[in-house]
Each structure stands twice: as C-alpha cells, then as structure tokens.
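Participant: Top to bottom, those sequences are chains W and L. Quick note, my numbering runs 566 ahead of the 1-based positions in the first sequence. Quick note, my numbering runs 566 ahead of the 1-based positions in the second sequence. Using N, Cα and C, we set each Cβ at its ideal position, and we do this for glycine too.
There are 2 protein chains.
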Amino acid sequence: MANSTALPLVLLAEQFAKLPGIGMKSAQRLAYHVMSMTDEEAQAFADAILNAHSTIKCCTECQNLTEGDVCPICGDDTRDKGTICVVETPKDISAFERTNEYKGVYHVLHGLISPLDGVTPDKIRLKELLARIGNGGVEEVIMATNPTVEGEATAMYISKLLKPLGVKVTRLAFGLPIGGTLEYADEVTLFKALENRNEI
Amino acid sequence: MANSTALPLVLLAEQFAKLPGIGMKSAQRLAYHVMSMTDEEAQAFADAILNAHSTIKCCTECQNLTEGDVCPICGDDTRDKGTICVVETPKDISAFERTNEYKGVYHVLHGLISPLDGVTPDKIRLKELLARIGNGGVEEVIMATNPTVEGEATAMYISKLLKPLGVKVTRLAFGLPIGGTLEYADEVTLFKALENRNEI
Numbered sequence: 567m568a569n570s571t572a573l574p575l576v577l578l579a580e581q582f583a584k585l586p587g588i589g590m591k592s593a594q595r596l597a598y599h600v601m602s603m604t605d606e607e608a609q610a611f612a613d614a615i616l617n618a619h620s621t622i623k624c625c626t627e628c629q630n631l632t633e634g635d636v637c638p639i640c641g642d643d644t645r646d647k648g649t650i651c652v653v654e655t656p657k658d659i660s661a662f663e664r665t666n667e668y669k670g671v672y673h674v675l676h677g678l679i680s681p682l683d684g685v686t687p688d689k690i691r692l693k694e695l696l697a698r699i700g701n702g703g704v705e706e707v708i709m710a711t712n713p714t715v716e717g718e719a720t721a722m723y724i725s726k727l728l729k730p731l732g733v734k735v736t737r738l739a740f741g742l743p744i745g746g747t748l749e750y751a752d753e754v755t756l757f758k759a760l761e762n763r764n765e766i
Numbered sequence: 567m568a569n570s571t572a573l574p575l576v577l578l579a580e581q582f583a584k585l586p587g588i589g590m591k592s593a594q595r596l597a598y599h600v601m602s603m604t605d606e607e608a609q610a611f612a613d614a615i616l617n618a619h620s621t622i623k624c625c626t627e628c629q630n631l632t633e634g635d636v637c638p639i640c641g642d643d644t645r646d647k648g649t650i651c652v653v654e655t656p657k658d659i660s661a662f663e664r665t666n667e668y669k670g671v672y673h674v675l676h677g678l679i680s681p682l683d684g685v686t687p688d689k690i691r692l693k694e695l696l697a698r699i700g701n702g703g704v705e706e707v708i709m710a711t712n713p714t715v716e717g718e719a720t721a722m723y724i725s726k727l728l729k730p731l732g733v734k735v736t737r738l739a740f741g742l743p744i745g746g747t748l749e750y751a752d753e754v755t756l757f758k759a760l761e762n763r764n765e766i
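1. A568(W) CB to nearest chain L CB: under 7 Å?
2. Anything in chain W within Cβ reach of T632(L), meaning under 8 Å, just list it in chain order.
3. Count the other CB atoms within 10 Å of the CB of L682(W); is the residue buried (16 or more) or exposed (fewer)?
4. Anyone know if the C-beta pair for I679(L) and V671(L) falls short of 7 Å?
5. Please report how far the alpha carbon of E694(W) lies from the alpha carbon of H619(W), in whole angstroms.
6. Mind checking K584(W): buried by the 16 CB within 10 Å criterion, or exposed?
7. Rounding to the nearest angstrom, what Cα-Cα distance links P574(L) and I615(L) in this structure?
8. My output table needs one value for E706(W): the three-state DSSP class, helix, strand or coil.
9. Using a Cβ cut-off of 9 Å, pull out every chain W residue sitting near M590(L), in sequence order please.
10. Note down the Cα distance separating E580(W) from M603(L), rounded to an integer number of angstroms.
11. What residue range does the alpha helix (DSSP H) around I659(L) cover?
12. Quick one: residues in its chain with C-beta nearer than 7 Å to the C-beta of R645(W), no 5 flanking neighbours on either side, listed in chain order?
13. Quick one: Cα of R691(W) to Cα of F662(L), how far?
14. Taking C-beta pairs closer than 7 Å, name the residues in chain W that I622(L) reaches, listed in chain order.
15. How long is the line joining the alpha carbons of T747(L) and Q609(W), rounded to whole angstroms?
16. Compare the Cα-Cα distances from P656(W) to each of H673(W), T665(W), D643(W) and report the closest residue.
17. Determine whether the Cβ of K712(L) lies closer than 7 Å to any Cβ atom of chain W.
18. Run the CB neighbour count on D658(L), radius 10 Å, all protein chains shown included, and call it buried at 16 or more, exposed below.
19. Compute the Euclidean distance between the alpha carbons of M601(L) and M709(L), then round it to the nearest angstrom.
20. Label R664(W) either buried or exposed according to how many other C-beta atoms from any shown protein chain fall within 10 Å of its C-beta, with 16 as the threshold for buried.
21. Starting from D658(L), find everything on chain W with Cβ-Cβ shorter than 8 Å and list it in chain order.
22. Taking all protein chains shown into account, do 16 or more other C-beta atoms lie within 10 angstroms of the C-beta of L818(W), making it buried, or fewer, making it exposed?
23. Taking the alpha carbon of H599(L) as the point to measure from, which residue in K591(W), A597(W), I622(W) has its own alpha carbon closest?
24. Within the 7 Å Cβ cut-off, does I615(W) reach chain L?
25. Looking at the strands, I want to know which residues DSSP matches up with K623(L).
26. Quick check on I724(W): buried or exposed, where buried means 16 or more other Cβ atoms within 10 Å of its Cβ?
27. In this structure, how does DSSP classify R737(W) when only helix, strand and coil are distinguished?
28. Is A618(W) close to chain L? Criterion is C-beta to C-beta, closer than 7 Å.
29. Just the Cα atoms here: how many angstroms apart are V576(W) and P586(L)?
30. Are the CB atoms of V735(L) and I650(L) nearer to each other than 7 Å?
31. Does any C-beta atom of chain L lie closer than 7 Å to the C-beta of F768(W)?
32. Counting contacts by CB-CB distance shorter than 7 Å, is L727(W) in contact with chain L?
33. Spatial neighbours of N617(L) within its chain, please: CB distance less than 6 Å, with the 5 preceding and 5 following residues excluded, ordered by chain position.
34. Looking only at its chain, what residues have a beta carbon closer than 7 Å to the beta carbon of K689(W), apart from the 5 residues adjacent to it on each side?
35. Is the Cβ of A583(W) closer than 7 Å to any Cβ of chain L?
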C-alpha cells in the first residue's frame, strides 16, 4: 500500500494477505471493507477468529476438528466404527458428509507424506490410526487421500503398513467425474476410467 | 458447512463469507486456515481488525481514512492545496498516490449519488467539499469518480454546483476503460487520465 495509507490499515491488509488465495490487492479491498463495518461487526469478526482458535481441538478418536473431546461423528452410535475413511484434512470430511451416503467414521492425517517438503510419516497422524486399528474392531480402511503424487504415495505407504494387520484396505475409485465430458477429461483420468471399467 | 463441523468454525466461516468477493467455499478454506495458525498469529489477526477499526477515523480536511486528525497528505506542506482531486473511496487515493505524479490534495466522497439506491447528495461528503472551497484558495477541482453511470452523474452534479463559485472543474480523461474501476487501473493509464483531464 502507498504510504498515504494509515498504518493500522496496512497491517490489517498484511494479515489478510497471509490467508491462502488472497493477494495484496484483494487484501487491501478486504481491509477497506472492515473499515466500513460497524463496531459490533468488527468485534464479532475478531471474536469469531479467537473463539474458533481457542475452543476447537482435535477429536481424540479421529483427529477431526471439534469443540468437545470427541467429534459428533465419532460420538454418533449409529455410525459404523468398523469402517474408517482416511482423509488428509478436516474439510475433506465435510465433502464426504455432504454425500449423505457414507455411514462409517473417519481419520484425519493432517498432512500427506512428502519427504521433499520434510513431511515424514511421523509428522502426520499415523500413530493414532495404528492405535485405533490396534484396539480392534476395524474391518476396512478406505484411503481417501487426493489423487496427487503425495496422496497416492501416502495411500500406498499406509496400505503396506495395514495389510499385515489383517485389515482390508481400499482406495477411492478414479474415473470420469459425473457431469463431465470425455472431451475435457485429461489423459490420466480417461486411462483410469478405462482401466477401472465395470460390466453393466 | 455440514453439521459434522464444529460450531465456532461455522461461525468463523460465516464471518469470512460476509467479506466482498468471498463465497462460502472460500470462507470455509479461510476458516480452516485460521485453525492452522499459531495462537500468536490468530491473536495478531484479530488485533489488526479491532485496531484498524478503532484507531482509524476520517481526516477533518479531506475525509481520507487516517490515524490522526489530519491525514499525511493534507498535513504535507509540499502538496498543492489549490488542487483537489475528488474520489469516491479512500482506496482510490492509494491508486493515485502510486502514480507518484499527482501533487495536489484529495477529497473523499465516501459514496456516489445514486437516487435509486437511496443515496442522495446529502448522503455523501459534499458539504465538506463545499466548505473547503468556501474557505478559499482552491483553483481547480478534478472529478476523479469512476467512469460508471453513478460516477458520471456525481461528477456532473458536483461540477454544476461548483462552477458558479468560480472554481475550474475538470474531469479525468477517458484513457480509463469504461466500466472498469480505479482500483484495478494500472499506473500509466491512471497517469494518462490525470494528464489529459478536461474542463467540464
């Protein structure tokens, strides 16, 4: 920002610019927007940040973000505790929950194995997953990491760890997205769709 | 957000979604990002919002946002107080300051006349502009509102008010792309628009 701008406004814009996907110009717009809020609105915004940050912790079972000790999904007796869907981040859980189809529970890794970035297997919540399986009762682990290099590598690594424990390990199916067209599908997706074809 | 998500996180996402240009999906991403901040970072973010909101007020001269009574531009003795550039919002000033070419002062209207939206001339900082001109010493008023319907109408309205007072009123040249906004104009375009201003 030009030095004509008041310092607290520059500092606020810098805070916004630290957020993912927000560049310096957007950050300035957001900072100016905060100025047009009422005192109550600004207070509510600041409180929401601090409140979310201080009251939310990781579920002792699945590592999902939650207010209590155990998240609502792990605390729900109607969910099938024998099926664990392993995801990278808590927001992946929201995506699965929106389908209203999955009735098992989850496990959040909070990262993917990526040795080049210094993320070794001990940096993700893998011990906690092994402990859950060690407690018994788990029949299937669904690897639902993203179809990226790190996501694939993490899925392979974990499946090799779990198979000797006698747990069935599955991977999400990859293929054409529903509503997509062949014309715009990339080569790898098309290859996967062809490879995983099903009899009808 | 699905009801699997902790409430404080939903509330935080709703706060982000109120910001301009941030949809519900981006708001959720930002809320999850806040969760990955350290306590100090979250506190700094919240403080920046409250601090900017509580310490910044309008310059008594030009209505720009400032920490003190008078903004750095109005307080700068090297600026030409005889030329006033009239803009809609404080962020338009930043855009002009980045050209490093304009040596006059500014006046922020904090809005544009738009009767359909209930913004009548008394709702913008027009009285304050007339008072500054009434104090004497103003030779030229540059209308630098956006080249939109409201911006043009406001420029025409103000020029009709000011001409009887013996002040030269000019308008930015239309080097600016019509329909665009000052905020996103590049420095050269803005400088050309300033250089080729015409009397209206």
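Facilitator: Short version:
1. Residue mapping note: residue 568(W) aligns to position 2 of the first sequence, counting from 1. Here the model assigns A568(W) a pLDDT of 44, short of 50, so the residue's position is not dependable, and the following value carries that caveat. Output row for A568(W): interface = yes.
2. Taking the first residue of the second sequence as position 1, residue 632(L) is located at position 66. Ordered by position in chain W, the residues that pass the 8 Å Cβ test against T632(L) are A572.
3. Position 116 of the first sequence, counted from the start, is the residue given in the question as residue 682(W). L682(W) comes out exposed.
4. As a first step, residue 679(L) must be located in the second sequence, where it is residue number 113. As a first step, residue 671(L) must be located in the second sequence, where it is residue number 105. No; because the gap between Cβ atoms is not below 7 Å, this pair is not in contact.
5. Numbered from 1 along the first sequence, position 128 holds the residue referred to as residue 694(W). Numbered from 1 along the first sequence, position 53 holds the residue referred to as residue 619(W). Those two C-alpha atoms are separated by around 23 Å.
6. Taking the first residue of the first sequence as 1, we reach residue 584(W) at position 18. The residue in question, K584(W), is exposed, as its Cβ has fewer than 16 Cβ neighbours within 10 Å.
7. Mapped onto the second sequence, residue 574(L) falls at position 8. Mapped onto the second sequence, residue 615(L) falls at position 49. Distance between the alpha carbons of P574(L) and I615(L) is about 18 Å.
8. Position 140 of the first sequence, counted from the start, is the residue given in the question as residue 706(W). Here E706(W) sits in strand by DSSP.
9. Translated into the one-based positions of the second sequence, residue 590(L) becomes position 24. Residues of chain W passing the Cβ test: none, with the nearest at roughly 11 Å.
10. On the first sequence, position 14 is the one that residue 580(W) refers to. On the second sequence, position 37 is the one that residue 603(L) refers to. Approximately 15 Å, taken between the alpha carbons.
11. For the purposes of this step, residue 659(L) is taken as residue 93 along the second sequence, with counting starting at 1. Taken as a continuous stretch (DSSP letters only), the alpha helix (DSSP H) holding I659(L) covers 656-665.
12. On the first sequence, position 79 is the one that residue 645(W) refers to. Result list for R645(W): I639, K669, G670, V671, in chain order.
13. Locating residue 691(W) in the first sequence gives position 125, counting from the first residue. Locating residue 662(L) in the second sequence gives position 96, counting from the first residue. One C-alpha to the other measures close to 51 Å.
14. As a first step, residue 622(L) must be located in the second sequence, where it is residue number 56. Per Cβ cutoff of 7 Å: A572, P574, L575, M601.
15. Looking up residue 747(L) in the second sequence gives position 181. Looking up residue 609(W) in the first sequence gives position 43. Their Cα atoms are separated by approximately 30 Å.
16. To locate residue 656(W), count along the first sequence from 1; it is residue 90. The residue with the shortest Cα to Cα distance from P656(W) is H673(W).
17. For the purposes of this step, residue 712(L) is taken as the residue at position 146 of the second sequence. Note that residue 712(L) is Asn in the sequence shown, not Lys. Output row for N712(L): interface = no.
18. Taking the second sequence and counting its residues from 1, one reaches residue 658(L) at position 92. Buried.
19. The residue labelled residue 601(L) in the question sits at position 35 within the second sequence. The residue labelled residue 709(L) in the question sits at position 143 within the second sequence. Cα to Cα, M601(L) sits roughly 45 Å from M709(L).
20. For the purposes of this step, residue 664(W) is taken as the residue at position 98 of the first sequence. Exposed, since its Cβ has fewer than 16 Cβ neighbours within 10 Å.
21. As a working mapping, residue 658(L) is identified with position 92 in the second sequence. Per Cβ cutoff of 8 Å: no residues; D658(L) is ~10 Å from chain W at best.
22. The structure shown does not extend to residue 818(W), since chain W spans only 567 to 766, so no value can be given for it.
23. Here residue 599(L) corresponds to residue number 33 of the second sequence, with the count starting at 1. Comparing Cα positions, the closest option is I622(W).
24. Working through the first sequence from its first residue, we reach residue 615(W) at position 49. It does; some Cβ of chain L falls within 7 Å.
25. Residue numbering aside, residue 623(L) sits at position 57 when the second sequence is read from its first letter. Its beta-bridge partners are T632(L).
26. Sequence index remark: in the first sequence, residue 724(W) carries index 158 (1-based). By the 10 Å Cβ count, I724(W) comes out buried.
27. If you number the first sequence from 1, residue 737(W) lands on position 171. R737(W) falls in the strand class under three-state DSSP.
28. Locating residue 618(W) in the first sequence gives position 52, where the first residue counts as 1. Interface residue, yes.
29. Sequence index remark: in the first sequence, residue 576(W) carries index 10 (1-based). Sequence index remark: in the second sequence, residue 586(L) carries index 20 (1-based). Looking at the two C-alpha atoms, the distance is approximately 18 Å.
30. Along the second sequence, read from residue 1 onward, the residue named residue 735(L) stands at position 169. Along the second sequence, read from residue 1 onward, the residue named residue 650(L) stands at position 84. For V735(L) and I650(L), no; Cβs fall outside 7 Å.
31. Coverage of chain W is limited to positions 567 through 766, which leaves residue 768(W) absent and any answer about it impossible.
32. Here residue 727(W) is taken as the residue at index 161 of the first sequence, counted from 1. Chain L contact via Cβ: absent.
33. Taking the second sequence and counting its residues from 1, one reaches residue 617(L) at position 51. There are no such residues.
34. Numbered from 1 along the first sequence, position 123 holds the residue referred to as residue 689(W). Contacts found: G677.
35. Here residue 583(W) is taken as the residue at index 17 of the first sequence, counted from 1. It does not; no Cβ of chain L falls within 7 Å.
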